[in-house]
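Chemist:
There are 2 protein chains.
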Amino acid sequence: MCAVLTLAELRTFAENARRSSHEPGDHLMLEDSELTSYANVTGGIVKLSRVMRDGRQQLVGLQFAPDLLGRLFGTENKVTVEAASPVDICRVPKHVLEALVSSSPELKQRLLDQSLQDLDEARDWMVTLGRKDAQQRVASLMMLIARRNGVEEIDSGRGAAFDLPLTRADMADLLALTVETVCRQISKLRKDGVVGIRNHRRVTVPDMSRLSARAG
Amino acid sequence: MCAVLTLAELRTFAENARRSSHEPGDHLMLEDSELTSYANVTGGIVKLSRVMRDGRQQLVGLQFAPDLLGRLFGTENKVTVEAASPVDICRVPKHVLEALVSSSPELKQRLLDQSLQDLDEARDWMVTLGRKDAQQRVASLMMLIARRNGVEEIDSGRGAAFDLPLTRADMADLLALTVETVCRQISKLRKDGVVGIRNHRRVTVPDMSRLSARAG
DNA sequence: CGCAGGTTTGAATGTCGTCAAACCAAGTGG
DNA sequence: CCACTTGGTTTGACGACATTCAAACCTGCG
Numbered sequence: 290m291c292a293v294l295t296l297a298e299l300r301t302f303a304e305n306a307r308r309s310s311h312e313p314g315d316h317l318m319l320e321d322s323e324l325t326s327y328a329n330v331t332g333g334i335v336k337l338s339r340v341m342r343d344g345r346q347q348l349v350g351l352q353f354a355p356d357l358l359g360r361l362f363g364t365e366n367k368v369t370v371e372a373a374s375p376v377d378i379c380r381v382p383k384h385v386l387e388a389l390v391s392s393s394p395e396l397k398q399r400l401l402d403q404s405l406q407d408l409d410e411a412r413d414w415m416v417t418l419g420r421k422d423a424q425q426r427v428a429s430l431m432m433l434i435a436r437r438n439g440v441e442e443i444d445s446g447r448g449a450a451f452d453l454p455l456t457r458a459d460m461a462d463l464l465a466l467t468v469e470t471v472c473r474q475i476s477k478l479r480k481d482g483v484v485g486i487r488n489h490r491r492v493t494v495p496d497m498s499r500l501s502a503r504a505g
Numbered sequence: 290m291c292a293v294l295t296l297a298e299l300r301t302f303a304e305n306a307r308r309s310s311h312e313p314g315d316h317l318m319l320e321d322s323e324l325t326s327y328a329n330v331t332g333g334i335v336k337l338s339r340v341m342r343d344g345r346q347q348l349v350g351l352q353f354a355p356d357l358l359g360r361l362f363g364t365e366n367k368v369t370v371e372a373a374s375p376v377d378i379c380r381v382p383k384h385v386l387e388a389l390v391s392s393s394p395e396l397k398q399r400l401l402d403q404s405l406q407d408l409d410e411a412r413d414w415m416v417t418l419g420r421k422d423a424q425q426r427v428a429s430l431m432m433l434i435a436r437r438n439g440v441e442e443i444d445s446g447r448g449a450a451f452d453l454p455l456t457r458a459d460m461a462d463l464l465a466l467t468v469e470t471v472c473r474q475i476s477k478l479r480k481d482g483v484v485g486i487r488n489h490r491r492v493t494v495p496d497m498s499r500l501s502a503r504a505g
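Protein chains in written order, with our numbering: chain V, 290 to 505; chain G, 290 to 505.
1. Got a sec, what are the start and stop residues for the alpha helix (DSSP H) H384/G sits in?
2. Using a Cβ-Cβ cut-off of 9 angstroms, state whether C291/V counts as contacting chain G.
3. Since A504/V and S429/V should fall inside the 8 angstroms C-beta cutoff, what is the C-beta to C-beta distance between them, to a whole number of angstroms?
4. Look at the Cβ atom of V376/G, then the Cβ atom of G333/G, and state whether they are nearer than 9 angstroms.
5. Which class does G350/V belong to by DSSP, given the choice of helix, strand or coil?
6. Given a threshold of 16 other Cβ atoms within 10 Å of its Cβ, counted over all protein chains shown, does S322/G qualify as buried or as exposed?
7. From the DSSP output, in three-state form, read off D444/G for me.
8. Under a three-way DSSP split, which group does E312/V fall into?
9. At what residues does the beta strand (DSSP E) containing L455/V begin and finish?
10. Short of 7 angstroms in beta carbon distance, which residues of its chain neighbour A306/V, apart from the five on each side in sequence? Order them along the chain.
11. Could you tell me whether the stretch 447–455 of chain G touches the stretch 394–406 of chain V, where touching means 3 or more Cβ pairs closer than 8 angstroms?
12. Tell me which residues share the same chain as A461/G and place their Cβ nearer than 6 angstroms to its Cβ, disregarding the 5 neighbours each side in the sequence.
13. In the DSSP assignment, find the beta strand (DSSP E) that holds T467/V and state where it starts and stops.
14. Within 8 angstroms, do at least three Cβ pairs link the stretch 390–404 of chain V to the stretch 341–348 of chain V?
15. On the premise that R426/G lies in contact with L478/G, defined as a C-beta separation below 8 angstroms, what is that separation, rounded to the nearest angstrom?
16. Beta strand (DSSP E) containing S501/V: first to last residue?
17. Along the chain, where does the beta strand (DSSP E) containing L317/G start, and where does it finish?
18. What does a CB cutoff of less than 7 angstroms around T331/G pick up in its chain, not counting 5 residues either side in sequence?
19. Going by beta carbon distance, what residues of the same chain come within less than 7 angstroms of T301/V, once the five residues before and after it are set aside?
20. Could you check what DSSP says for K336/G in three-state terms: helix, strand or coil?
21. In the stretch 413–425 of chain G, which residues sit with their C-beta less than 7 angstroms from some C-beta in chain V, listed in chain order?
22. Nearest CA to the CA of D459/G: which residue from S338/G, K480/G and A303/G?
23. How would you write the range of the beta strand (DSSP E) that A372/G sits in, first residue to last?
24. Nearest-angstrom Cα distance between V416/V and K421/G?
25. V484/G lies in the alpha helix (DSSP H); which residues open and close that run?
26. Can you name the residues of chain G whose CB is closer than 8 angstroms to the CB of G505/V?
27. Kindly indicate which residue of R436/G, S310/G and R491/G has the alpha-carbon position closest to the one of T456/G.
28. Can you grab the Cα-Cα spacing for the pair I486/G / A502/G, in whole Å?
29. On the premise that S498/V lies in contact with G419/V, defined as a C-beta separation below 8 angstroms, what is that separation, rounded to the nearest angstrom?
30. Find the residues of chain V that neighbour Q347/G, judging by a C-beta separation of less than 8 angstroms, and give them in chain order.
31. Please confirm if K397/G has its CB atom under 9 angstroms from at least one CB of chain V.
Given below as structure tokens:
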């Protein structure tokens with residue numbers, strides 16, 4: 290989700306917002322004080338997941354700062370919202386947001402655009418989960434993170450560097466693999482010289498086009 | 290996607306619509322006469338898919354009648370739209386739909402709600418693709434089709450019957466399996482007495498709760 | 001009947017998951 | 001400063017499940 294607010298809207302937003310910080314693993318139920326409150330991620334990364342009856346979970350989305358979090362007039366479908374890194378958020382009560390939306394058709398339009406974009410991203414990820422092997426999935430995730438870190442010139446042979454903001458377990462939940470398989474594929478990318486890894490977190494990519502090729 | 294139009298809106302819709310029929314396999318590009326025209330599926334089933342560079346495809350959604358098809362102010366992301374069965378659709382030019390939307394905030398609201406629901410469904414399917422084995426995926430698809438055919442009392446031990454509107458190949462593309470694996474799992478469900486199959490298409494379920502249990 | 005497309009079944013292969021153990025990095029307290 | 005602990009990470013051996021390749025089988029239709 291991308292930022293969709295104008296400056297004036299952001300001001301109203303900020304005046305009614307309450308800030309809070311959270312540690313990795315904290316659950317950020319959106320139904321805190323008011324049902325279906327809205328929140329803005331101002332720092333860190335939030336993971337959205339669904340849990341199966343047997344306890345296994347599947348991440349269904351990531352929210353990077355400064356993404357919008359939550360949903361209008363919420364549906365019944367439960368998504369677990371959890372901090373993946375240290376996270377700062379900024380909540381707005383339901384009625385404030387509803388007022389904002391009804392006074393601004395453009396805002397509603399942008400919320401619509403954004404949810405359509407989220408839908409596109411979800412469908413992209415369905416292809417990753419359904420049709421890519423372990424190597425391609427791991428490479429795809431690295432491409433996603435690189436893009437979110439401002440790396441643009443994907444196929445130009447340029448290099449890049451970024452931190453992995455997720456644990457191996459979170460990556461596994463997102464990619465529908467096991468922790469061990471994620472590790473093995475990262476090791477393989479490293480052995481093949483596609484990426485360099487320092488401290489299990491810092492990734493350096495000498496040539497983005499080679500990583501892109503591995504992503505299928 | 291569900292129907293989101295009132296009767297009055299449907300009238301305007303119908304007055305400006307052009308109907309057409311299509312055979313299985315036909316591509317229903319929405320950019321026919323006008324870019325990003327909208328359409329209503331009045332009969333049959335439409336599949337939405339993404340194609341990978343190597344030619345393999347992944348279905349990312351199904352549209353049953355009377356679902357709405359297409360999207361407002363379309364994004365750049367290409368989805369292949371194809372008839373899965375004999376299909377009747379009813380197209381509306383872009384400007385008519387835009388007029389409808391701007392004259393009706395409720396319509397825009399409902400489009401927003403609907404896209405949020407689509408997002409939920411896409412995320413549900415991500416769990417199916419990511420975390421279920423072949424047997425559970427096939428059972429999940431049968432549950433989905435049963436629900437779309439009006440079967441409601443899922444866990445009441447009631448029976449049901451419906452046609453599979455997709456070929457084995459389409460099921461495989463939707464479930465991210467091979468045709469052979471889909472066949473084997475259907476055969477297993479049949480041998481175990483969970484479903485009955487006639488002519489490769491007609492499914493009878495003596496006890497929906499047993500099928501539901503197989504779906505994970 | 002006989003063809004064509006879709007479907008079903010079988011046997012062999014390979015990829016990923018499971019189980020187990022070792023490894024590393026960071027923080028704590030002696 | 002170093003031993004110790006803890007949580008996360010990495011690697012290996014083995015097995016299970018889905019894919020691949022191949023052949024046979026239905027069903028509808030000319």
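Built from N, CA and C at the ideal position, the CB exists for glycine as well.
Modeler: Judging by the given coordinates:
1. K383 to S392
2. With a pLDDT of 45 at C291/V, under the threshold of 50, the predicted position of this residue should be treated as unreliable, though the coordinate-derived value follows. Taking Cβ atoms only, chain G never reaches closer than 9 angstroms to C291/V, which makes this a no.
3. 4 angstroms between Cβ atoms; contact.
4. yes
5. In the structure shown, G350/V sits in a strand (DSSP, three-state: E or B).
6. Residue placement at S322/G is poorly supported in this model, since its pLDDT is 46, which falls under 50; the coordinates are not used for a value here.
7. helix
8. coil
9. Per DSSP, L455/V belongs to no beta strand (DSSP E) and is neither H nor E.
10. C379, R380 and V381
11. no
12. T467, V468 and V471
13. Segment: none, T467/V is in no beta strand (DSSP E) and carries neither H nor E.
14. The stretch 341–348 of chain V is not in contact with the stretch 390–404 of chain V.
15. Actually they do not touch by this definition, with Cβ atoms about 12 angstroms apart.
16. Bounds of any beta strand (DSSP E) do not take in S501/V; it lies within the alpha helix (DSSP H) bounded by M497 to R503.
17. Here L317/G belongs to no beta strand (DSSP E), and DSSP marks it neither H nor E.
18. A354, P355, D377, I378 and C379
19. L389
20. strand
21. W414, M415, V416, L418, G419 and R420
22. S338/G
23. T369 to A372
24. Distance between the alpha carbons of V416/V and K421/G: 16 angstroms.
25. Counting along the chain, V484/G falls outside any alpha helix (DSSP H), and DSSP gives it neither H nor E.
26. M341, R342 and D343
27. Looking at the Cα atoms, R491/G is the closest of the given residues.
28. 19 angstroms
29. With a Cβ gap of about 25 angstroms, G419/V and S498/V do not count as contacting.
30. M415, V416, G419 and R420
31. yes
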